[in-house]
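These notes are about the structure you will find just below.
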Amino acid sequence: MKHRGRHRRRRRSRALRAALAGAALALTGAATMISASQATVADDPGALKPLTAPAETAALRLTEHRVPRPWLDRLSDAMGEPVGVSTVLGSADHTLRDAAKCATEEREALPVLPAATRAYCWDRGDTEGWRPGAVTTSGDADADGRWGAHRVVLSAWTRDDGTPEGGLARVSFVDADAPDRPGYASALLAVPVDRGHDYRGLASPVSGMVWYQDKLLVTTGAGGREALYVYDMDLIQRATTEADAVGRVPGGWAAAGHRYVLPAVASYRLSDTSGAARPAAISLDRGTVPGSLVASERVPADGDRPTRLWRYAFSADPARAGLPAVDSAGHVDAVEAYETGAAEVGGVLSHRPQGAARPDWYLARAAGGQDGRGTLWRQDADGARAAECGADRSQRCWSGQAGSLSYWAATGEVWSQSGRMLFALPLASVEDALD
49 MKHRGRHRRR
59 RRSRALRAAL
69 AGAALALTGA
79 ATMISASQAT
89 VADDPGALKP
99 LTAPAETAAL
109 RLTEHRVPRP
119 WLDRLSDAMG
129 EPVGVSTVLG
139 SADHTLRDAA
149 KCATEEREAL
159 PVLPAATRAY
169 CWDRGDTEGW
179 RPGAVTTSGD
189 ADADGRWGAH
199 RVVLSAWTRD
209 DGTPEGGLAR
219 VSFVDADAPD
229 RPGYASALLA
239 VPVDRGHDYR
249 GLASPVSGMV
259 WYQDKLLVTT
269 GAGGREALYV
279 YDMDLIQRAT
289 TEADAVGRVP
299 GGWAAAGHRY
309 VLPAVASYRL
319 SDTSGAARPA
329 AISLDRGTVP
339 GSLVASERVP
349 ADGDRPTRLW
359 RYAFSADPAR
369 AGLPAVDSAG
379 HVDAVEAYET
389 GAAEVGGVLS
399 HRPQGAARPD
409 WYLARAAGGQ
419 DGRGTLWRQD
429 ADGARAAECG
439 ADRSQRCWSG
449 QAGSLSYWAA
459 TGEVWSQSGR
469 MLFALPLASV
479 EDALD
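For the sequence shown, the numbering used here assigns the number 49 to the initial residue and increments by one for each residue that follows.
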């Protein structure tokens with residue numbers, strides 16, 4: 049693989065390396081051992097292949113469907129004045145535990161290299177029967193890394209009802225202002241129905257999530273042609289009853305026992321084209337103007353085709369804050385697209401280092417059908433590179449259940465989630481491990 053000079057220019061002091069190494073030992077503990085049964089070298093996905101032919105990019109098109117404003121107004125009139133993120137954070141009823149207080153089997157979900165420098169495990173009682181999904185932060189929402197006065201991490205969960213599609217979906221709001229003991233509260237994701245007289249739960253796993261400006265965009269991992277839903281962070285509604293039902297019930301409004309509910313304000317449908325690509329992992333790239341939504345699909349390890357990576361531009365129109373750019377027909381077209389040989393992609397990032405002519409793509413590849421750990425790749429048009437770890441120099445150094453990746457530019461950290469562990473690590477340490 050061709051190594052570009054800018055990677056060689058990334059130098060870190062011995063003090064920083066020592067600090068990161070010490071934190072890694074404290075957080076990973078017994079997880080630093082890699083089974084000798086794992087492959088020494090993961091399958092190299094090779095260089096990115098650009099997709100430019102109309103027949104190739106047509107499969108990436110989405111079509112926008114806005115929820116009529118009268119529907120949303122009708123819900124608010126019936127449920128009461130919407131609340132904001134600060135209200136949800138102020139009612140936190142659960143607390144994350146620091147990694148040192150997490151069970152060994154929980155910490156084993158953390159990457160080996162690069163290692164997490166901050167990690168937490170979720171309240172087991174609150175998350176029992178729920179599957180973890182995507183992560184985003186207030187670092188996506190605003191360039192200063194805060195939403196108002198708060199630093200916030202959002203984590204998506206899907207209720208495990210025994211089906212591949214999954215049951216209800218929710219988002220947990222984590223108060224990152226108190227990193228030693230972060231509290232959190234959750235809101236159910238919903239979709240308005242019956243012209244705004246009711247709502248139903250979003251019955252699909254959330255595989256990707258981006259909080260951009262005042263909008264929360266989530267990708268659905270299964271179901272029909274709806275691939276992307278959008279929620280307004282200024283339109284969080286209070287549930288008025290703790291009933292386990294969802295929607296209008298005798299005497300009020302229920303959200304499966306949650307205090308809050310987020311009704312969708314828009315959705316984006318897959319293309320009618322054969323082989324339409326369903327975005328799975330998504331992330332925000334602030335290196336473009338305006339910002340862009342980076343997406344990947346998830347192709348299984350035994351799939352017979354490459355994985356597609358692409359990006360959509362966000363709108364520069366203030367009236368469309370936080371929404372993708374559309375043409376006159378309401379279509380959202382990819383502005384850049386590639387194929388990669390990587391399968392089981394659970395997280396994707398695109399980041400352009402200062403002074404670089406083009407961005408690097410980072411792919412968190414899950415273990416797939418193999419036991420053990422996944423692989424974190426850096427890929428571009430020249431080739432791919434992965435971190436190596438253990439005595440056998442295995443490239444399977446990442447978390448086995450590779451989750452979404454979210455870059456917090458204000459702190460230089462990458463956030464992700466695997467199993468019951470929520471964790472962060474500096475992008476600088478990712479580069480050190482890869483270089």
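No residue lacks a Cβ here, since even glycine has one placed at the ideal position from N, Cα and C.
Excluding five sequence positions before and after residue 304, the CB atoms of its chain that fall closer than 6 Å to its own CB belong to 216, 236, 292, 294, given in chain order.
Cα atoms of residue 227 and residue 149: separation of roughly 14 Å, rounded to the nearest angstrom. Considering only 198, 315, 333, 322, the residue with the shortest C-alpha distance to residue 224 is 198. Taking a 10 Å sphere around the C-beta of residue 444, we find 16 or more other C-beta atoms and assign the residue as buried. Of the candidates 478, 466, 123, the residue whose Cα lies closest to the Cα of residue 168 is 466. DSSP, reduced to helix, strand and coil, places residue 108 within a helical segment of the structure shown. Between the segment 156 to 176 and the segment 436 to 455, the count of C-beta pairs closer than 8 Å reaches three or more; the two stretches touch. Of the residues assessed, residue 241 falls on the exposed side of the cut-off, its CB having fewer than 16 other CB atoms within 10 angstroms. Cβ-Cβ distances below 7 Å link residue 335 to 399, 400, 407 in the same chain, with the five nearest sequence neighbours on each side left out; the list follows chain order. In terms of CA proximity to residue 368, 114 leads the group 434, 92, 114.
Of all alpha-carbon atoms in 173, 189, 377, the one lying nearest the alpha-carbon of residue 340 is that of 189.
Taking a 10 Å sphere around the C-beta of residue 333, we find 16 or more other C-beta atoms and assign the residue as buried.
Residue 370 sits buried, since 16 or more C-beta atoms from the chains shown fall within 10 Å of its C-beta. Shortest Cα-Cα distance from residue 412 to any of 118, 331, 277, 98 involves 331. Residue 381 and residue 146 have their C-alpha atoms spaced approximately 42 Å apart.
Beta bridge pairing from DSSP links residue 309 with 236, 285. With respect to the 7 Å criterion, residue 154 and residue 421 are not classified as neighbours on the basis of their beta carbons. From the listed residues 395, 297, 99, the smallest Cα separation to residue 183 is found for 395. The beta carbon of residue 429 sits closer than 6 Å to the beta carbons of 95, 96 from its chain, once the five residues preceding and following it are set aside; these are given in chain order.
When the beta-carbon positions are compared, residue 218 and residue 143 stay at least 7 Å from each other. For residue 387, the secondary structure class from DSSP, reduced to helix, strand or coil, is strand. Cβ atoms of residue 311 and residue 247 come within 8 Å of each other, at about 5 Å. For residue 354, the CB contacts under 7 Å within the same chain, skipping 5 residues up- and downstream, are 387, 388, 389 in chain order. Cα atoms of residue 232 and residue 104: separation of roughly 42 Å, rounded to the nearest angstrom. Distance from the CA atom of residue 264 to the CA atom of residue 366, rounded to whole angstroms, is 16 Å. For residue 295, the uninterrupted beta strand (DSSP E) run begins and ends at 294 to 297, by DSSP. Short of 7 Å from the beta carbon of residue 93, and not among the five residues preceding or following it, lie these beta carbons of its own chain, in chain order: 388, 389, 390, 425, 427, 432.
Excluding five sequence positions before and after residue 321, the CB atoms of its chain that fall closer than 6 Å to its own CB belong to 106, 107, given in chain order. Residue 248: not part of any alpha helix (DSSP H); member of the beta strand (DSSP E) spanning 246 to 249, first to last residue.
Listed in chain order, the non-local C-beta contacts of residue 287 below 7 Å within the same chain comprise 301, 302, 303, 306, 307, 308, 309, local neighbours out to five positions each way being set aside. If you look at residue 96, you'll find it isn't in any alpha helix (DSSP H); DSSP assigns it neither H nor E. Rounded to the nearest angstrom, the gap between the Cα atoms of residue 209 and residue 277 is 21 Å. In this structure, residue 200 sits near residue 186, with a CB-CB distance shorter than 7 Å.
For residue 130, the closest of 141, 352, 377, 283 by C-alpha to C-alpha distance is 283.
Between the alpha carbons of residue 383 and residue 179 lies a gap of roughly 32 Å.
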